[in-house]
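Take any residue in the sequence shown, note its place counting from 1, add 1, and you have its number in the working numbering.
What follows is a short report on a single structure.
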Amino acid sequence: MKFFYKKTVIISEILYLFTVILLFSSTGCKKDKRIYQDTGQPVENQIEELLSRMTLEEKVSMCHANTKFSSTGVPRLGIPSLAMSDGPHGVREEIKPHSWESAGWTNDSCSYFPTLTALAATWNVELAKQYGGALGQEARARNKDVILGPGINIIRTPICGRNFEYMSEDPFLIAEMVVPYIRGMQEQDVAACVKHYALNNQEVDRGVVDVQVDERALREIYLPGFEAAVKQGGVLTVMGAYNKYLGLYCCNNDYLLNKILKEEWGFKGAVISDWSATHNTVESANAGLDIEMGTDKDYNDFFFADPLIKAVRNGQVAEEVVNDKVRRILRVMFRTNVFGKRSKGSFNTPEHQQIALKVAEEAIVLLKNNNSFLPLNMEKLRSVAVIGDNATRVHASGGMSSGLKALYEVTPLLGLENLLDSRVKINYALGYKKTSQFTWDRGIIYHSDPAEETQLLQEAVAIAKKSDAAIIFAGLNHDFDTEMLDRPDMKLPYAQNKLIDVVYKVNPNTVVVLICGSPVEMDLWIDKAPAVLQAWYAGMEGGNAMARILFGEVNPSGKLPYTIPEKLADSPAHSIGEYPGEKFTVKYKEGLLVGYRFFDTNNIEPLYCFGHGLSYTRFEYSDLDLSGKTLSSDDSLHVSLKIKNTGNVDGAEVVQLYIHDGAASVFRPLKELKGFKKVFCRAGEEKKVIFTITKKYLTFYDINSSDWTAEPGMYGVLIGSSSRDIRLKNEFEYKDL
Ligand code: GLC
């Protein structure tokens with residue numbers, strides 16, 4: 002009995018002890034747990050409280066990856082890893098934690114939106130917001146905290162492999178479209194990651210090339226998109242680029258990261274390195290990099306892992322510098338409600354598919370339409386020849402990091418089949434074949450077969466002969482429009498030029514639809530083709546959008562976000578500047594003269610100019626009126642005009658406002674885009690359009706004062722349907738009070 006009693010006492014004591022420990026640890030956690038949930042206290046206070054509880058090791062751990070696509074949290078304090086995912090036009094399939102291999106999930110096929118050149122080609126800021134919102138919802142549904150996009154590097158050369166992922170050659174258009182995209186996404190509790198900051202305008206030698214560009218071009222051309230993303234978009238993360246700027250890697254470039262981004266622009270979020278773009282510990286830490294991702298080392302050997310702890314311990318990096326990084330990362334978490342009530346998102350919804358369709362429809366640019374050849378009339382047409390590798394090729398998975406496992410992708414042929422009933426017979430032929438292969442080490446290699454090529458041409462001719470009209474789906478694919486590679490030239494690959502020529506010879510009613518994300522040369526056939534469409538990589542609903550445009554269900558309203566030169570040599574990066582540079586240095590000698598700024602200032606005719614895009618209707622511009630003849634530094638000037646749809650189909654026009662500085666004491670491009678409005682008008686409808694101009698729209702970056710400056714004098718207002726189709730002009734005087 003005694004023994005039994007003793008045993009009971011011991012057990013109860015153990016139980017008591019266990020309870021106390023449990024209570025303490027849970028209480029302890031509870032104390033810490035209190036900061037697990039957003040307490041409603043000011044965020045900065047909660048950040049300070051979290052920080053005060055962290056060891057140096059925990060702080061440093063947050064500044065580097067713990068998997069391919071996440072950075073480390075602090076489980077003890079209830080701080081989760083920060084989960085990231087590509088990319089700019091859809092949520093990438095799940096990757097294994099510590100390799101680039103697919104995780105093999107069966108439920109991560111996503112919505113595939115048109116790529117960003119297409120989004121930019123809509124010139125529709127409302128759509129950009131919807132686009133960002135839908136992508137944010139998809140990211141939330143996949144439990145991602147950060148989407149590694151948008152990519153907004155300036156399209157400096159027509160042959161950069163990643164042009165399809167970017168938006169434009171013009172900083173104003175980029176700024177106007179990237180802000181709503183970011184806001185839309187971040188409203189869904191997902192951080193955008195604007196990239197690649199900065200000057201990553203080519204893929205050749207991207208990991209080492211040193212970009213030399215003058216301060217004005219940096220400020221007026223290459224940075225404004227990023228500045229708007231930070232100041233107006235409130236972007237929560239920025240991705241440091243691979244390349245160097247003026248001799249220093251972007252990820253350890255104090256001028257770009259600390260001076261401009263954080264101090265001048267007031268960026269409060271986190272700078273994330275591109276994958277393997279970090280090259281050192283002390284310089285990068287002190288220069289403003291906050292999270293190191295993708296380095297090809299064990300995580301503890303990352304520059305921002307044990308070496309950073311050591312650097313703090315030996316005084317090379319102040320602990321406060323690490324504290325600032327942790328604050329920024331926690332700020333991203335709080336701003337995306339990681340500790341609070343988060344939106345749950347939605348995945349592959351009809352609404353997202355509708356947004357993809359709408360963006361595709363509004364992105365497609367009608368480049369040429371002689372004698373209103375388009376739209377095709379499905380009442381009259383009895384048969385149509387559908388020709389080309391791009392009629393049936395799906396593109397979603399291509400392009401490297403932005404590649405997607407799309408839920409579906411409607412090809413142009415399928416889109417036509419969806420639209421056309423049995424009244425119109427579709428005759429299909431491959432016409433040309435993708436005989437290229439993208440390789441990491443040898444670039445693009447070809448394995449063409451002349452006999453097969455001849456046979457394909459003959460098949461195409463045969464069906465074109467017997468059809469009322471022919472549609473050739475030509476262009477590129479992600480062997481050419483891809484990360485890691487720039488194209489060798491602007492030419493259409495394979496036998497496409499020959500195909501267009503022979504088909505046109507047997508059937509002049511031939512439309513060319515270009516599926517590509519960057520400019521191509523058309524000189525060999527452009528005079529023959531009665532109609533040409535630029536259709537982009539138009540996402541999962543692209544085929545339906547193309548069919549609906551071709552047969553007039555939708556009136557095209559896209560406008561080019563970049564210039565299409567007659568030939569590559571006309572492009573400023575190739576005629577004035579350097580490309581791809583020598584000995585891993587590239588000099589942007591063209592300075593401000595990027596895109597239309599170059600063609601207009603030097604009066605060189607491009608094939609199709611920036612802002613160009615036709616419609617199935619016509620728009621009349623009239624009644625340009627300025628609210629005054631002068632503008633002073635502290636007020637604004639209203640520019641109004643009327644636009645009338647004088648055709649017989651509803652349509653949309655992008656009214657563009659360019660400013661010419663007639664007073665400049667410094668060199669300035671002939672004109673610069675400073676406003677645009679996409680106006681939808683029913684047939685016969687007239688609408689008033691009003692722009693508001695302030696001093697900001699007149700400024701250039703003055704390197705003497707290191708500030709934006711507007712000089713007094715006369716300024717021209719040019720209202721156009723494109724950068725070269727100027728319909729109305731006026732001028733005003735700017736007076737600097
Ligand atoms: C890539 C790209 C970047 C992408 C990242 C993660 O190299 O440059 O845009 O987000 O690595 O895949």
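Built from N, CA and C at the ideal position, the CB exists for glycine as well.
In this structure residue 238 is buried. Its beta-carbon is surrounded by 16 or more other beta-carbon atoms within 10 angstroms.
Scanning the stretch 401–485 from its first residue to its last, the whole alpha helix (DSSP H) runs of 4-plus residues come out as 413–420, 451–466. The bridge partners DSSP lists for residue 246 are 212, 249.
Taken through DSSP and simplified to helix, strand or coil, residue 620 comes out as strand. At least one heavy atom of the ligand GLC lies closer than 8 Å to the C-beta of residue 276. Not one heavy atom of the ligand GLC falls within 8 Å of the beta-carbon of residue 648. For residue 63, no alpha helix (DSSP H) encloses it, and the DSSP letter there is neither H nor E. For residue 655, the CB contacts under 6 Å within the same chain, skipping 5 residues up- and downstream, are 124, 560, 677, 679 in chain order. Taken through DSSP and simplified to helix, strand or coil, residue 220 comes out as helix. Across the set 662, 633, 653, 665, the C-alpha of 633 shows the shortest separation from the C-alpha of residue 738. A distance criterion of 8 Å places the beta-carbon of residue 401 in contact range of the ligand GLC, judged by its closest non-hydrogen atom. By the CB criterion at 9 Å, residue 166 and residue 578 fall outside the cutoff.
For residue 657, the pairing in a beta bridge is given by DSSP as 677, 721. Within the model, the alpha-carbon separation for residue 566 versus residue 526 is close to 15 Å. Here residue 143 has 92 as same chain residues with Cβ atoms under 6 Å from its own Cβ, once five neighbours each way along the sequence are excluded. Distance from residue 283 to residue 317 at the Cβ level is roughly 5 Å; contact confirmed, criterion being Cβ atoms closer than 8 Å. Cα atoms of residue 303 and residue 47: separation of roughly 28 Å, rounded to the nearest angstrom. In this structure, residue 45 has its CB at a distance of at least 8 Å from all heavy atoms of the ligand GLC. Here the C-alpha atom of residue 368 lies approximately 32 Å from the C-alpha atom of residue 228.
For residue 240, the Cβ falls inside the 8 Å cut-off from some heavy atom of the ligand GLC. Annotation for residue 518 indicates a beta carbon at 8 Å or more from all heavy atoms of the ligand GLC.
Taken from the Cβ of residue 295, at least one heavy atom of the ligand GLC lies inside 8 Å.
DSSP, reduced to helix, strand and coil, places residue 687 within a strand of the structure shown. Taking all protein chains in view, the Cβ of residue 274 is crowded by 16 or more other Cβ atoms within 10 Å, so the residue is classified as buried. Within the DSSP bridge table, the entry for residue 730 names 719 as partners.
The count of Cβ pairs closer than 8 Å, one atom from the stretch 370–389 and one from the stretch 399–408, stays below three, leaving the stretches out of contact. Under the 10 Å beta carbon count, residue 570 is surrounded by fewer than 16 other beta carbons and is classified as exposed.
51 is the residue among 68, 51, 97, 100 whose C-alpha sits nearest the C-alpha of residue 77. The three-state secondary structure of residue 134, taken from DSSP, is helix.
Within the same chain, 153, 168, 169, 226 come within 6 Å of residue 175 by CB-CB distance, once the 5 residues on both sides are set aside.
Nearest in C-alpha terms to residue 645, of all of 320, 609, 126, 690, is 690. Restricting attention to 546, 582, 355, 564, the CA atom closest to the CA of residue 596 is found in 564.
Residue 112 sits away from residue 546, with the two beta carbons spaced by 9 Å or more. Within the same chain, 430 come within 6 Å of residue 460 by CB-CB distance, once the 5 residues on both sides are set aside. As computed with DSSP, residue 193 is found in a beta bridge with 148. Scanning its chain for C-beta atoms nearer than 6 Å, with the 5 sequence neighbours on each side dropped, one finds around residue 346 the residues 138, 141, 142, in chain order.
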